[in-house]
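Under my numbering, the first residue of the sequence shown carries the number 865, and numbering increases by one thereafter. Ideal Cβ positions, reconstructed from N, Cα and C, are used throughout, including at glycine. Each remark here refers to the structure printed beneath this line.
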Amino acid sequence: MKILITGGAGMVGSHCAEYFARKKHQIVVVDNLMRSKIFGSKNKSVEYNWHYLETLKNIQLLKKDIRDRAEMQRIFKREKPDVVIHAAGQPGVRFSLEDPLEDYAINATGTLNVLEALRLTNKKGVFIYCSTNKVYGDNGNSLPIRETEMRYAYKRGKGISEDFGIDRTGHTPYGVSKLAGDLYAQDYAYVYGLKCGVFRMSCIYGTRQFGFEDQGWLAWFAIRFLLGKPITIYGDGKQIRDVLWVEDLARAYEKFIESGLQGEVFNIGGGPQNTLSLLELVAALKNVTQKNVKINFGAWRKFDQKVYVSDIRRAGRLLRWKPTVSPRQGIEKMVAWISQNPRLFKGNAPLDRR
Ligand SMILES: NC(=O)c1ccc[n+]([C@@H]2O[C@H](COP(=O)([O-])OP(=O)(O)OC[C@H]3O[C@@H](n4cnc5c(N)ncnc54)[C@H](O)[C@@H]3O)[C@@H](O)[C@H]2O)c1
């Protein structure tokens, strides 16, 4: 199969590229390497992933911008991909608050450009959309929660399912622009018959993740620990998320590609079995790294959720899929990768821009 991966230099995209290239598929990566710019960093981040992918077989790299509709159509006409994994995006809530138009151009218009290029060149094409739990906005806060010493938790239930409301609630521009892409993907399945899988992702983490304070919190905390730098926790640190190791995500995409399913929406994450609070992550990092850093506490961030846990039973049932990597195993792998690549982080001013 020929698989075109937008955002292929990013954390999710580069792992998907590696995962499918190792299975001998032909991979075309499209990325304009703008992650560092989005997060105001002068340092290189996804450029490292770009060079890493250059060392692998079966991967063609194209430095292109998904906002350029004509360019997308040229690429699709020439490459004729069977499958598209659309991982390119602006993933930061703060950036979206500061520049909602740019956020929209990348996440909403960029997605429509890619979908349309696929529709025009391959009506049987498969489209995988990296959506987000943020599409539920404040509705995600409607379940009753309880508090214990280290974490919050839902009082009952298995987490947020796909039939949770997406409107008549508060969002951020990021939530709205990603939701636009999410709905377009569903609609291209409904109206044009493309095989679209929308994956509303919770916290995805992995190696080659250049976490910033605003995005990629697990990587950000791990990097700070290994640099011996302080961390600021906004709120009391008991907020929890379900966390999913990125290769488990790539496996879910693969299951969808191989399935007979056509237009589907999945909430995807580690689910109730794989959750972490910020305080628990700090405790785990102390234990794994045998280091300690100063933890500062700041005011709650306005759009933070105390609890978000994905109900992953639909993905389990329809894709015969479940997470295989526990948070502890994932943290150990992440710490090992950062420790093995100190030059990427030492004296790394932009990753330490506060
Ligand atoms: N990582 C997570 O926990 C998570 C959770 C929910 C949703 N998502 C979504 O998944 C996708 C991938 O996330 P990630 O963590 O790999 O982020 P990432 O920032 O590591 O990867 C995104 C990639 O897209 C590229 N990109 C941005 N704008 C572009 C443009 N205009 N043209 C071409 N390339 C562009 C960036 O350079 C980057 O390499 C994003 O769309 C994000 O919204 C991620």
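With DSSP as the reference, please indicate the residues paired to residue i in a beta bridge.
i: residue 1069; result: 1109
i: residue 886; result: For residue 886, which the question treats as bridged, DSSP gives no partner whatsoever.
i: residue 1265; result: Absent from the model: residue 1265. The displayed extent of the chain is 865 to 1218, so no value can be given.
i: residue 924; result: 892
i: residue 868; result: 892, 948
i: residue 1009; result: 1018
i: residue 1174; result: 1024
i: residue 1160; result: 1096
i: residue 1076; result: 1079
i: residue 1153; result: Answer is none; residue 1153 lacks a bridge partner.
i: residue 1033; result: Partner(s): none; residue 1033 has no beta bridge.
i: residue 996; result: 1065
Tell me whether residue i counts as near ligand 1, meaning its Cβ is closer than 8 Å to at least one heavy atom of that ligand.
i: residue 904; result: no
i: residue 899; result: yes
i: residue 951; result: yes
i: residue 1220; result: The first residue shown for the chain is 865 and the last is 1218, placing residue 1220 beyond what the model contains.
i: residue 938; result: no
i: residue 1004; result: no
i: residue 874; result: yes
i: residue 928; result: yes
i: residue 1068; result: yes
i: residue 871; result: yes
i: residue 892; result: no
i: residue 1074; result: yes
i: residue 910; result: yes
i: residue 1101; result: no
i: residue 994; result: yes
i: residue 955; result: yes
i: residue 931; result: yes
i: residue 1198; result: no
i: residue 913; result: yes
i: residue 1154; result: no
i: residue 1019; result: no
i: residue 1065; result: yes
i: residue 1169; result: no
i: residue 997; result: yes
Cutting at 7 Å between CB atoms, please list the residues of its own chain near residue i, excluding the five before and the five after it.
i: residue 1144; result: 1014, 1015
i: residue 1022; result: 1136, 1175, 1177
i: residue 1002; result: 1033, 1034
i: residue 961; result: 1036, 1037
i: residue 943; result: 866, 868, 892
i: residue 1041; result: 960, 967, 968, 971, 972
i: residue 923; result: 881, 885, 891, 893, 917
Only counting the same chain, and skipping five residues up and downstream in sequence, which positions put a Cβ closer than 6 Å to that of residue i?
i: residue 1140; result: 1107, 1191
i: residue 997; result: 1064, 1066, 1172
i: residue 1213; result: Reliability of the predicted coordinates at residue 1213 is poor, the pLDDT of 41 falling under 50, and no value is obtained from them.
i: residue 1073; result: 875, 1080, 1083
i: residue 1134; result: 1106, 1107, 1108, 1187
i: residue 877; result: 869, 871, 951
i: residue 948; result: 868, 982, 991
i: residue 1206; result: none
i: residue 1162; result: 1096, 1098
Note down, in chain order, each residue of its chain lying with its Cβ closer than 8 Å to the Cβ of residue i, except the 5 sequence neighbours on either side.
i: residue 1217; result: Any reading at residue 1217 must be qualified, since the residue scores a pLDDT of 38, below 50, and its modelled position is unreliable; no value is offered.
i: residue 1210; result: 1091
i: residue 1195; result: 1082, 1086, 1145, 1148, 1149, 1152
i: residue 1025; result: 1131, 1175, 1177, 1178
i: residue 935; result: 928, 929
Taking 9 Å as the CB-CB cut-off, is residue i touching chain C?
i: residue 1042; result: The chain labelled as chain C is not found in the depicted structure, where only one protein chain is given.
Original post:
Can you list, in chain order, the stretches of the alpha helix (DSSP H) that have 4 or more residues and sit fully within the segment 1098-1149?
Top reply: Segments of the alpha helix (DSSP H) lying fully in the segment 1098-1149: 1110-1122.
Original post:
Do the segment 1122-1132 and the segment 1179-1186 make contact, defined as three or more Cβ pairs closer than 8 Å?
Top reply: Taking a cut-off of 8 Å on C-beta distances, the segment 1122-1132 touches the segment 1179-1186, as three or more cross pairs fall below it.
Original post:
Any contact of the segment 949-965 with the segment 1001-1014, i.e. 3+ C-beta pairs under 8 Å?
Top reply: Contact between the segment 949-965 and the segment 1001-1014 is absent, because fewer than three Cβ pairs lie under 8 Å.
Original post:
So, do the segment 1035-1048 and the segment 881-891 have three or more beta carbon pairs nearer to each other than 8 Å?
Top reply: Judged by pairs of C-beta atoms under 8 Å, the segment 1035-1048 does not touch the segment 881-891, as fewer than three such pairs exist.
Original post:
Would the segment 1024-1037 and the segment 1091-1100 be scored as touching if the rule is three or more Cβ pairs under 8 Å?
Top reply: Because the criterion of three Cβ pairs below 8 Å is not met, the segment 1024-1037 and the segment 1091-1100 do not touch.
Original post:
Does the segment 970-977 come close enough to the segment 890-897 that 3 or more CB-CB pairs lie under 8 Å?
Top reply: The answer is no - the segment 970-977 does not touch the segment 890-897, with fewer than three Cβ pairs under 8 Å.
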